[in-house]
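Student: First to last, the protein sequences are chains A and B. Per UniProt numbering, the very first residue in the first sequence carries number 1; after that it's consecutive. Per UniProt numbering, the very first residue in the second sequence carries number 1; after that it's consecutive. Here it is, the structure, as structure tokens.
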Amino acid sequence: MYMRSIFKLRQAFSVLTKYTKDHEWIKYDTQSKIAKIGITDYAQKELGDIVHVDFQKVGLVFKTHQSLGAIESVKVAADIYAPVAGEIVGINEDLKDSPNLINEKAEETWILQAKVQNESELDTLLDKQSYDKIINK
Amino acid sequence: MLRSIRLIQRVANFSRLANPHEVNPKVPDWFKSSDYMEPRFIGSESQQVNEMLKAVEAKSLDELVDKIIPKEIRSEAAFQSPDNFPDAIPESAMVQHLQSLANKNKLYKNYIGQGFYGTHTPYVILRNVLEDPGWYTSYTPYQAEISQGRLEALLNYQTVITELTGMDVSNASLLDEATAAGEAMFLANSWFEKKKFFVDNHVFPQSIDHIKTKAYYLGIDIVVGDAKTYDFKDADQYCGVLVQSPDNLGEVHDWSDLFKHTLKDAKLLKVIGTDLLSLAINKTPKDQGANVTYGNSQRFGVPMGFGGPHAAFFAVEDEFKRKMPGRIIGISKDANGKSAYRMSLQTREQHIRREKATSNICTAQALLANMAGFYATYHGPQGLQKIANRVNCLARSFAKLAKSLGLVVKEGRIFDTVVLHNTETLQEYLHYNAQTNVRKIGQDTIFSFDETHTVQDVEDLFNHLQHYTKKKADFMSVIQKVIPYKSERAPFLQQKVFNSLHSETEMLRYINYLRQKDVSLTKSMISLGSCTMKLNPTSFMLPVSFQGFSQLHPFSPLSCTQGYQELTENVEKWLCDITQLEAVSLMPNSGAQGEYTGLLCIRKYHIMNGQKDRNICLIPISAHGTNPASAVLAGLTVVPVNVVDGYVDLNDLNKKIKENEKSLACIMITYPSTYGVYEDQTKKIIQLIHEHGGLVYMDGANMNAQVGYTSPGYLGADVCHLNLHKTFSIPHGGGGPGLGPIAVNKKLAPYLPGREHSLGSVASSLFSSASILPIPYSYFGQLGRQGAKKCTAMAMLNANYLMKSLKDDYKVLFTGQNGMCAHEFIIDIRPIKQESGITEEDIAKRLMDYGFHAPTMSFPVPGTLMIEPTESESKSELDRFIEAMKNIKLEIEKVKNGQYDKNDNPLKNAPHTQDQVINSGWSHKYSREEAAFPLPYVLQRGKVWPTVSRINNAFGDRNLICQCPSVSDYQQ
């Protein structure tokens, strides 16, 4: 019983990290209920030198898999797909002048912040292990 | 204003042009003319042809074609009789014939205006740019390291536009003014996501026509009204407001009040259409509060050409640059840190963004933009101001003179255009009595003045007016009273390049200095797959400059355009014959515009048949990026269809058809496919689409592999476009002009522009770039049935010979029946990359060290090169290319087995510049000889030096600079 509540507590204050097969990551803060969304290091390498991030507007209510903007390298423009449904509450302004931050630290550079509509939808996403399996196939 | 009606007349019987003795089989061959085009057009002579046939294991060209093209798709109906397609006539006879056609166009004194004006093309520019193959035979500058000359010229052009308009960023041209206005509307719609757009009723009618057409198919509501009096209480509903100054009636407006006050906080795009020359003395669009400005740069030294080609401009405030249509040239750095030009922000464009692109445009008007840029360079800011003032003074003198005769002149500030009220019969009077063409709207007669007019012209007009009004007044006293306006402009074009090249010697050297930097067809084969860089014969080009073709205003009365009527009717007829389709429209100004027009035709057909909900467009994933981009602009929804091993996946196609049974509008297919094979299932696909109520759009990009052997009509297509700049020898101009007419079957014919149920308007004038039509005309006439067909076969022979010669070194990705390719083939560089780290880009750049332009990179398959030699290259040139490619393969082997360093090798560091190689600090792990002279021929032929090393693309896109450096930058 004691152990269980400790576990619950830990979970309550933790950040849950999940992945999509489209190479986005989502880090969900269970306390603030806000998620940060970015792209994986693998995606960053595939795109090459990133030169611009095209954001959607703050306040956009989005469905799962809707485009939340695009990341542009010199030769490719890749959509950022919503891992879950929600609402955009913030965008990473630093990326406007330094889009290369994604190349440098993809897993730590968030692109946008979102309110998640339905927490349970996170369960449908991949954990690190399953994502790694996909990219190493 | 578009002339939809033509004089009904018999089409000139072209076959009669051939001298009867020339085509009489009874006359022995040795009597025939010595100047036929066919043997000149085809690169190889018969012995070389035989050697290549042997290499590809075919006994004859006919047998080769039988091996390549599946029987079920062969049809030679188009080529059976001289009644529908001519016999070849000799080069000299064709030039004479075209001169006589040009002479049938009557060059009356022209004051028509409305977006097209007379201009003096400086002869140094005419001969050394427009008529110079170093400029006109190069391709779009994708390979920037060997394109620095025209990239610099295009950057100058962009600077001219931004300096004159006051805007932050200009692109490197659009097709014409009307489509530029349409692009502005589309930008407004996609930026502000609203479906209503306001257009001032004094915008040029051709622009309004096109805006309405474009809006109709996208479901955008166009409100045309008087922006001066409209109250804009409902401004929030609009995504944009588009006005013009000087307007259709010549009035110069200051839109500051509307844009900076009335609409200050409105969430909409503020667009001003304008006249470039007027901006040398008038307030800029930027100062009037515009977000976007557009117009035509034709009067900067580009002949009117009965409508084109010329370059439209489009410039925006910084905020909108990533949504701008068209190519943008920017400055970046090369591997050595040296400043270098390149095409920037390409992710906006169709070849990357596909259905999400900002526009479908790819071919623009590079050659003409360069002419306009050189014109501004040659005249400089003072010169431009002088021309603008002169034109303005001529117009104002004329207005005063007309007033002095008691005529009522429209009030308001003018630049170059004068409106005389209540002169209903004046247009006719001047046409018949003074051989002078002017514009007429209702009771008003309109005169537009330009650089070519003189005081004498004004006096002549005045004398006619005296006669017409039966009144007298004094000429000289009026003339002496007109003085130039005080300029409203801050100093502009202060950069060095616009202030140091005003003598002809300096100008000539600058033009040649730039030209020498580029690889065009004058230097080597350009084997760009899908681009068809074939010969652009000099005798085809010559008539483009004939005065009768180049100096005619597109809205001239029919009685003055007889020569063009015969020319266009013949071109239309022959295109019908070649495609085996019913009717042709010459209006689309580029391949992409052809796709767009063809799709509008399909949409209009469904709408007229009560099936407006048919809006699904199936597109195989192998299609060119323009296909989905054009489909979206036509208001269609794109559904991609899979491709397996180079062939359309029939299972997936069936599935997508079933899923969209009720809403299927059409499929877009390319034939032969973009993978360079003649699919044998095409007829089946076409039948399937038809059975489900859809229509078939055939992309004509590869028409050069059909001519004479099969046709879109025979295969069952309903509509196709034709890239006259690929198949029919119009040169690529370093990125335009192009022409993309469409051919349609009987079902779709009524919907062509200008016909009964016209789909609308897709260009500024009915024949858009009419003055380059003598080129395809010459192609048909000089090559004739036999020659045109032989070109197709030779293109296949050259491609297969190249493929056979390279297949042991490089993996060939797809082949058709009997292991043969069509007119092009793809080599796969991905396995090489995996083994050695060498990429398709490394090979492309390394080819520059060998003096070659690279084949097409990563289209239609990423990590590949697509090679298309065309029929115009000789076996010896192909052998030189083979030698280069084989040697590059040896270099790759050296990287693989460690003889070369993985990173410091001739491939990764390619291309090598002269200053790198002669630098005494050379420290690479290979020799300078290996770097710059990898094969003996490179030295023997004369080295073609790339002028910059590998360009840093990311730096350029992250630090966008698209104008010439300012004076202060030079001083630093």
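Quick reminder that beta carbons are idealized off the backbone N, C-alpha and C, glycines included. Owing to the predicted nature of the structure, the values given are computational and were not obtained by experimental measurement.
Can a CB atom of chain A be found closer than 8 Å to the CB of B:Ala227?
Tutor: Position 227 of the second sequence, counted from the first residue, corresponds to residue 227 of chain B. So, not an interface residue.
Student: Name the chain B residues whose beta carbon is nearer than 7 Å to that of A:Glu72?
Tutor: Here residue 72 of chain A corresponds to residue number 72 of the first sequence, with the count starting at 1. Those are Thr347, listed as they occur along chain B.
Student: In the DSSP assignment, find the alpha helix (DSSP H) that holds B:Asp62 and state where it starts and stops.
Tutor: For this step, residue 62 of chain B is matched to residue 62 along the second sequence. Element bounds for B:Asp62: Leu61 to Ile68.
Student: Mapping DSSP to helix, strand and coil, what is B:Asn952?
Tutor: For the purposes of this step, residue 952 of chain B is identified with residue 952 of the second sequence, where counting begins at 1. In the structure shown, B:Asn952 sits in a strand (DSSP, three-state: E or B).
Student: Distance, Cα to Cα, B:Gly635 vs B:Ser858?
Tutor: Position 635 of the second sequence, counted from the first residue, corresponds to residue 635 of chain B. Position 858 of the second sequence, counted from the first residue, corresponds to residue 858 of chain B. If I take the Cα positions, the gap works out to 28 Å.
Student: Express the C-alpha separation of B:Pro946 and B:Ala215 in angstroms, rounding to a whole number.
Tutor: In the second sequence, the residue the question calls residue 215 of chain B occupies position 215. In the second sequence, the residue the question calls residue 946 of chain B occupies position 946. If you take the alpha carbons of B:Ala215 and B:Pro946, they lie about 45 Å apart.
Student: Please confirm if B:Asp957 has its CB atom under 8 Å from at least one CB of chain E.
Tutor: Although the question refers to chain E, the structure presented lacks it and instead comprises the protein chains A and B.
Student: Within 8 Å (strictly less), CB to CB, does A:Lys75 reach chain B?
Tutor: The residue given as residue 75 of chain A occupies position 75 in the first sequence. It does: the Cβ of A:Lys75 has a partner Cβ on chain B nearer than 8 Å.
Student: Consult DSSP for B:Gly598 and reduce its assignment to one of helix, strand or coil.
Tutor: As a working mapping, residue 598 of chain B is identified with position 598 in the second sequence. B:Gly598: helix per DSSP, three-state reduction.
Student: Look at the alpha carbon of B:Phe462 and the alpha carbon of B:His453, and state the distance between them as a whole number of angstroms.
Tutor: Here residue 462 of chain B is taken as the residue at index 462 of the second sequence, counted from 1. Here residue 453 of chain B is taken as the residue at index 453 of the second sequence, counted from 1. Approximately 13 Å, taken between the alpha carbons.
Student: For B:Val419, count neighbouring Cβ atoms within 10 angstroms of its own Cβ and tell me buried if that reaches 16, exposed if not.
Tutor: Taking the first residue of the second sequence as 1, we reach residue 419 of chain B at position 419. Per the 10 Å Cβ criterion, buried.
Student: Spatial neighbours of A:Trp110 within its chain, please: C-beta separation below 7 Å, excluding the five flanking residues on both sides.
Tutor: Locating residue 110 of chain A in the first sequence gives position 110, where the first residue counts as 1. Excluding residues within five positions, the ones whose Cβ falls inside 7 Å are Lys36, Ile37, Gly38 and Asn92.
Student: Taking C-beta to C-beta, are B:Pro122 and B:Gly301 nearer than 8 Å?
Tutor: Within the second sequence, residue 122 of chain B is the residue found at index 122, counting from 1. Within the second sequence, residue 301 of chain B is the residue found at index 301, counting from 1. Yes. Within cutoff.
Student: Thinking B:His210 and B:Gly182 are a contact (beta carbons under 8 Å), I'd like their distance in whole angstroms, please.
Tutor: Residue mapping note: residue 210 of chain B aligns to position 210 of the second sequence, counting from 1. Residue mapping note: residue 182 of chain B aligns to position 182 of the second sequence, counting from 1. That belief holds up - the Cβ atoms of B:His210 and B:Gly182 are roughly 5 Å apart, short of 8 Å.
Student: Within 8 Å (strictly less), CB to CB, does B:Arg327 reach chain A?
Tutor: Against the second sequence, residue 327 of chain B aligns to sequence position 327. No, B:Arg327 lies away from the interface with chain A (no Cβ there is under 8 Å from its Cβ).
Student: Curious, which full-length beta strand (DSSP E) runs of at least 3 residues does the stretch 759-820 of chain B contain?
Tutor: With a minimum length of 3 residues, no continuous beta strand (DSSP E) run stays inside the stretch 759-820 of chain B.
Student: Do B:Pro855 and B:Ile867 have their CB atoms nearer than 8 Å?
Tutor: Numbered from its first residue, the second sequence carries residue 855 of chain B at position 855. Numbered from its first residue, the second sequence carries residue 867 of chain B at position 867. The answer is yes: Cβ separation under 8 Å.
Student: Checking 8 Å against the spacing of the C-beta atoms, do B:Gly330 and B:Arg342 come in under that value?
Tutor: On the second sequence, position 330 is the one that residue 330 of chain B refers to. On the second sequence, position 342 is the one that residue 342 of chain B refers to. Yes, they are a contact pair.
Student: Kindly indicate if chain A contains any beta-carbon less than 8 Å away from that of residue 1015 of chain B.
Tutor: Since the first residue of chain B shown is 1 and the last is 972, residue 1015 of chain B is not available in this structure.
Student: From B:Leu7 to B:Pro557, what does the alpha carbon distance come to, in whole angstroms?
Tutor: Indexing the second sequence from 1 puts residue 7 of chain B at position 7. Indexing the second sequence from 1 puts residue 557 of chain B at position 557. Low per-residue confidence applies at B:Leu7: pLDDT is 37, beneath 50, and the placement is therefore not dependable, though the value from the model is reported in the following sentence. For B:Leu7 and B:Pro557, the distance between alpha carbons rounds to 11 Å.
Student: If distances are taken between C-alpha atoms only, which option among B:Thr229, B:Cys393, B:Glu251 and B:Ile161 comes closest to B:Phe314?
Tutor: The sequence position of residue 314 of chain B within the second sequence is 314, counting from 1. Looking at the Cα atoms, B:Ile161 is the closest of the given residues.
Student: Along the stretch 96-114 of chain A, what residues have a CB closer than 8 Å to any CB found in chain B?
Tutor: If the cut-off is 8 Å between Cβ atoms, the stretch 96-114 of chain A has Pro99 and Asn100 near chain B.
Student: Indicate the three-state DSSP secondary structure (helix, strand or coil) for B:Cys362 in the structure shown.
Tutor: In the second sequence, the residue the question calls residue 362 of chain B occupies position 362. In the structure shown, B:Cys362 sits in coil (DSSP, three-state: anything other than H, G, I, E or B).
Student: Name the chain B residues that come within less than 9 Å of A:His52, Cβ to Cβ?
Tutor: What you label residue 52 of chain A is simply residue 52 of the first sequence in a count that begins at 1. Residues of chain B passing the Cβ test: Arg322, Leu345, Thr347, Asp957 and Arg958.
Student: Do the CB positions of B:Ala366 and B:Ser297 come within less than 8 Å of each other?
Tutor: Residue mapping note: residue 366 of chain B aligns to position 366 of the second sequence, counting from 1. Residue mapping note: residue 297 of chain B aligns to position 297 of the second sequence, counting from 1. Their beta carbons are not under 8 Å apart, which means B:Ala366 does not touch B:Ser297 by this criterion.
Student: DSSP three-state label for B:Pro20, please.
Tutor: For this step, residue 20 of chain B is matched to residue 20 along the second sequence. Of the three classes helix, strand and coil, the one that applies to B:Pro20 here is helix, per DSSP.
Student: Check whether the stretch 107-122 of chain A touches the stretch 80-87 of chain A, counting contact only when three or more Cβ pairs, one atom from each stretch, lie closer than 8 Å.
Tutor: Touching, yes, given that three or more Cβ pairs across the two stretches are closer than 8 Å.
Student: Within 10 angstroms of its Cβ, does A:Gln44 collect 16 or more other Cβ (buried), or is it exposed?
Tutor: Counting from one through the first sequence, the residue named residue 44 of chain A turns up at place 44. Answer is buried; the Cβ neighbour count reaches 16.
Student: Which class does A:Glu24 belong to by DSSP, given the choice of helix, strand or coil?
Tutor: One-based indexing of the first sequence puts residue 24 of chain A at position 24. Looking at A:Glu24 - three-state DSSP - the assignment turns out to be strand.
Student: Comparing C-alpha positions only, which one of B:Gly591, B:Thr262 and B:Gln706 sits nearest to B:Asp577?
Tutor: Residue mapping note: residue 577 of chain B aligns to position 577 of the second sequence, counting from 1. If we check each option's Cα against that of B:Asp577, B:Gln706 comes out closest.
Student: By DSSP, does B:Leu664 sit in helix, in strand, or in coil?
Tutor: The residue you call residue 664 of chain B lines up with position 664 of the second sequence. Reduced to three states, the DSSP call for B:Leu664 is strand.
Student: Alpha carbon to alpha carbon, how far is B:Arg958 from A:Val51?
Tutor: Against the second sequence, residue 958 of chain B aligns to sequence position 958. Against the first sequence, residue 51 of chain A aligns to sequence position 51. Taking the straight line from one Cα to the other gives about 5 Å.
Student: Tell me whether B:Ile689 sits in a helix, a strand or coil according to DSSP, three-state version.
Tutor: The count along the second sequence starts at 1 and reaches residue 689 of chain B at position 689. Here B:Ile689 sits in helix by DSSP.
Student: Where in the stretch 542-630 of chain B do unbroken runs of the alpha helix (DSSP H), each at least 4 residues long, occur, reported from the N-terminal end onward?
Tutor: Qualifying alpha helix (DSSP H) stretches, in chain order: 547-550, 562-579 and 591-608.
Student: Taking the beta carbon of B:Ile657 as the centre, do at least 16 other beta carbons fall within 10 Å, making it buried, or is it exposed?
Tutor: Counting from 1 along the second sequence, the entry for residue 657 of chain B is found at position 657. Buried: at least 16 other Cβ atoms inside 10 Å.
Student: Going by Cα to Cα distance, which pick from B:Asp87, B:Ala77 and B:Ser34 is closest to B:Pro20?
Tutor: Counted from its first residue, the second sequence places residue 20 of chain B at position 20. Out of B:Asp87, B:Ala77 and B:Ser34, B:Asp87 has the C-alpha closest to the C-alpha of B:Pro20.
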